[in-house]
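Working notes, beginning with the structure itself.
In our numbering, the protein residues as written are 19 to 120.
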C-alpha cells in the first residue's frame with residue numbers, strides 16, 4: 019500500500035491504500051490496524067447498543083499486545099534462527115568503537 023501510494027497523486031493515493039487495506043482486512047486476521055478500520059466503519063454504520071468504545075478499547079489492547087509480542091519475539095527469533103551462524107554479528111566486534119590511535 020505504501021509503495022502504491024508513493025507512485026500516485028491525489029485521490030489515487032486513497033484508492034491504492036484502500037484496496038490494499040481491504041485485502042488485508044478480508045483475510046480475517048486479528049490485527050490492530052485491520053480492527054481499527056473495521057471498528058471505524060462499523061461505528062458510523064448501524065450498530066447495536068452492545069457495541070461500545072470500551073469494547074473497542076478492550077479488543078485493541080489485547081490485539082495490539084499480541085501483535086507486538088509476535089512481531090518482537092517470534093519474528094525476531096525466526097530471523098535469528100534463519101541467519102547462518104557465520105553471518106550473525108558478534109557482540110564484541112559489533113559494539114566496539116574505534117579510536118583515532120587505532
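Ideal placement from N, C-alpha and C gives every residue a C-beta, glycine not left out.
How many angstroms separate the CA atom of residue 5 from the CA atom of residue 75? For the chain, the structure presents residues 19 to 120; residue 5 sits outside this window and is missing.
How many whole angstroms separate the CB atoms of residue 50 and residue 70, which I take to be in contact at a CB cut-off of 8 Å? As a working mapping, residue 50 is identified with position 32 in the chain shown. As a working mapping, residue 70 is identified with position 52 in the chain shown. Not quite, the Cβ-Cβ distance comes to about 18 Å (not below 8 Å), so this is no contact.
With distance defined between alpha-carbon atoms, name the residue in 48, 24, 36, 37 nearest to residue 80. For this step, residue 80 is matched to residue 62 along the chain shown. If we check each option's Cα against that of residue 80, 48 comes out closest.
Indicate the three-state DSSP secondary structure (helix, strand or coil) for residue 76 in the structure shown. By 1-based counting over the chain shown, the position of residue 76 is 58. Three-state DSSP puts residue 76 in a helix.
Got a sec, what are the start and stop residues for the alpha helix (DSSP H) residue 92 sits in? Position 74 of the chain shown, counting from 1, holds the residue named residue 92. Looking at the DSSP string, residue 92 is not in any alpha helix (DSSP H), and its letter there is neither H nor E.
Could you check whether residue 55 and residue 39 sit closer than 8 Å to each other, using their CB atoms as the reference points? For this step, residue 39 is matched to residue 21 along the chain shown. For this step, residue 55 is matched to residue 37 along the chain shown. Going by C-beta atoms, residue 39 is nearer than 8 Å to residue 55.
Range of the contiguous alpha helix (DSSP H) that encloses residue 53: In the chain shown, counting from the first residue as 1, residue 53 sits at position 35. 50 to 62 is the extent of the alpha helix (DSSP H) around residue 53.
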